[in-house]
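Note that the UniProt record's numbering gives residue 236 to position 236 of the sequence shown, counting from 1, and the numbers run on in steps of one.
Read the structure below first, then the notes.
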Amino acid sequence: MDYKQQVTDALVKALDGQLTADEISSKLERPKTSDKGDLAFPTFTLAKTLHQAPQQIAQDLAGKLDQTGFDKVEVVGPYLNFFFDKAAYSEATLNTVLTQGADYGQNQDGANGNVPIDMSSPNIAKPMSMGHLRSTVIGNSIAEILKKNGYHPIKDNHLGDWGTQFGKLITAYKLWGNEEDVKKDPINKLVEYYVRFHKEDVDKPELDDEAREWFRKLENGDQEAHDLWQWFREVSLQEFNDIYKVLGVEFDTYNGEAFYNDKLAEVVQLLKDDHLLVESQGAQVVDLKKYDLNPALILKSDGASLYITRDIATALYRDRTYHPVKNLYVVGSEQMYYFKQLKAVLEEMKVPSAKDLHHIPFGLITVDGKKLSTRSGRIILLADVLHDSVKMAQEEIVEKNPTLANKEEVAKQVGVGAIVFGDLKNERMNSIDFVLADQLKFEGETGPYVQYARARAESILRKAADVNVQANGNQITDPEAWDTIKALADFPAVVRMACDEYEPSVVAKYAIRVAKSFNKYYAHTKVLTDDAELPARLALVKAVSTVIKESLRLLGVQAPDEM
Ligand code: ARG
């Protein structure tokens, strides 16, 4: 049952076409507390056109309004406050959730259109940074949200597996490397060689020449260079995959930068054909003055390709392979300017999907006040953060629920969920300092808090397993149930809004809202009392469990039945 629609319809009629349905529905507000009604219509904007005081307009409107289907309509100052028919609304909402189950909130807006999502995309031979973690979890959640809106997402890990740094790494490995050492601790060792290269090349510029030569060999398909590169890539991917496994994130493709090597010549040719390339100090650039942007450097003076050259090839490839309806890039906000340039170049080339290219930026994250960095000695590894979180969750669980059977499994779900949720509940552009201990608390706006609310609902359902669950609206009489019902009814709108804004925090905040209102209900109401209203209360509990689980799923967070 769509009350917003019902309120809008009633107002359209009463206003006799003075405002369109869209104008009305965009003005409707949700009062902070239910005692002020369930939806409110402010009349200020009508005052001008009607040359009347807003209070008067509200009074007149109330008189003209068809009030059937509402408990009441109240005039408070310039506002018209609508109170829904609680029994009918509760029954309709709960029945919808219970019959649709996990499908509740699904829509077909996307008409199965392809949406490549460029996400995670860490760099080979370097530890995955917190930024890559954010890209992974934000991208993964956006993919789930897109699916829920009827799109077909394609999750692509655009690995940083190409570039002049591999010439340096090969040089360093040939000088100081050792196969056994790399096998034992791949990424750390490779970083060590790379750092040493940068230290030593200060006094030995010939190292740089050597590195350039190795990269040239690599680009020309030299066997030794290629084998080393491939090995670095493989061992790095193994470590990345451990993290993806812990997070429960999978990719459809791992088409890193190297994948586009044989597609760069065409890019250059196309740019030439369109007369877009100009020479600048020996290098080839695309002028972007028209866009108020600096020129994009496409080929260095020695003919070497760049990050953007490979990204142009990537965009072309995605365009031809998927005919996408949108192209998403989940990459940190420090690359904002870069993506403006990329989009501008693609527009100049008239690549069809350029206009639907969206950079989805996000802010910086620090853990317990410390920044993750690869160059400095102090490296906080992402794997360690996840490991610590699971350990802390396990301690908490052992203390809270010593008899729980699958403690380890649950500790993983809670520990990892705490990090993912702790990240996603923030609007993605915000920079956050992540205090791990806070995110693991069972109180406050945390993942474990939401998981726990649902586990509590599941525990109630287990205790009443022999009772028929039935959503009879007349029997949901507790006033404390009302906020929960309204929250449940909002889920389909939340799914849409999160998709429109590419903003998982909309879902995370919503999950907190459902959990909070349910906890309040639970604190006031003896749910399991064996009376005539028990089946209806259980319907509410079951619907809460369903919607929280589905919300968490959209975030990539698991929902243990017991914890
Ligand atoms: N590897 C890059 C980095 O770590 C991110 C790549 C983002 N994706 C892209 N198509 N440019 O900064």
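Cβ atoms here follow ideal geometry from the backbone N, Cα and C, with glycine treated the same way.
Other residues of its chain near residue i: CB distance less than 8 Å, five sequence neighbours each side excluded
i: T164; result: A211, R212, F215, A304
i: T49; result: Q18
i: N107; result: K148, N149, G150, P492, V495, R496
i: M28; result: In the sequence on display, residue 28 carries Leu and not Met. Once the five neighbours on either side are set aside, the close Cβ partners of L28 are K4, V7, T8, L39, A40, F41.
i: I308; result: A296, L297, I298, Y338, Q341, L342, V345
i: L404; result: I397, V410, E562, M563
i: L264; result: S305, T309, R310, A313
Paired residues, beta bridge with residue i - DSSP
i: A40; result: E29, N81
i: A283; result: S280
i: Y329; result: D118, H359
i: E74; result: N81
i: S305; result: L299
i: H152; result: N114
i: F434; result: V367
i: N123; result: G160
i: T477; result: DSSP, once it has assigned bridges, lists no residue as partnering T477.
i: T253; result: D156
Heavy atom of the ligand ARG within 7 Å of residue i beta-carbon
i: N81; result: no
i: V285; result: no
i: N314; result: The amino acid occupying residue 314 in the given sequence is Thr; Asn does not appear at that position. Yes.
i: Y329; result: yes
i: H359; result: no
i: S333; result: no
i: H198; result: no
i: N123; result: yes
i: G363; result: no
i: H158; result: yes
i: D118; result: yes
i: D311; result: yes
Proximal residues to residue i (C-beta, below 7 Å), its chain only, five neighbours per side dropped
i: A559; result: Q451, R454, I548, K549, L552
i: H359; result: Y329, V331, M336, F339
i: T314; result: H158, Y260
i: A123; result: According to the sequence shown, residue 123 is Asn rather than Ala. Excluding sequence neighbours, N123 sits near G160.
i: E427; result: E503, S505
i: G101; result: T546
i: T96; result: Y104
i: A14; result: L61, K64, L65
i: A225; result: I170, W214, K217, L218
i: Y193; result: L169, A172, Y173, W176, G177
i: V246; result: L386, V416
i: A539; result: L94, L98, V469, Q470, A471
i: W482; result: S34, K86
Outcome for residue i when other beta-carbon atoms lying within 10 angstroms are tallied against a minimum of 16
i: S431; result: exposed
i: A111; result: exposed
i: F44; result: exposed
i: R456; result: buried
i: H387; result: exposed
i: S301; result: exposed
i: Q67; result: exposed
i: Y490; result: Checking the sequence, you will find Asp at residue 490 rather than Tyr. The residue is buried, with at least 16 neighbouring Cβ atoms inside 10 Å.
i: A437; result: exposed
i: T136; result: buried
i: E219; result: buried
i: A21; result: exposed
i: A523; result: exposed
i: V557; result: buried
i: H132; result: buried
i: D118; result: buried
i: K289; result: exposed
i: K86; result: buried
i: P153; result: buried
Own chain, CB closer than 6 Å to residue i, minus 5 neighbours either side, in chain order
i: K478; result: The question names Lys, but residue 478 is Asp in the sequence shown. For D478, where only same-chain residues beyond five positions count, the Cβ hits under 6 Å are T525.
i: S373; result: Any reading at S373 needs caution, since the residue's pLDDT is 49, under 50, leaving its predicted position unreliable; the model's value is listed next. Counting only Cβ-Cβ distances below 6 Å, and skipping sequence neighbours, we find nothing.
i: T93; result: I485, L488, A489
i: Q439; result: A418, G422, T446
i: L271; result: L277
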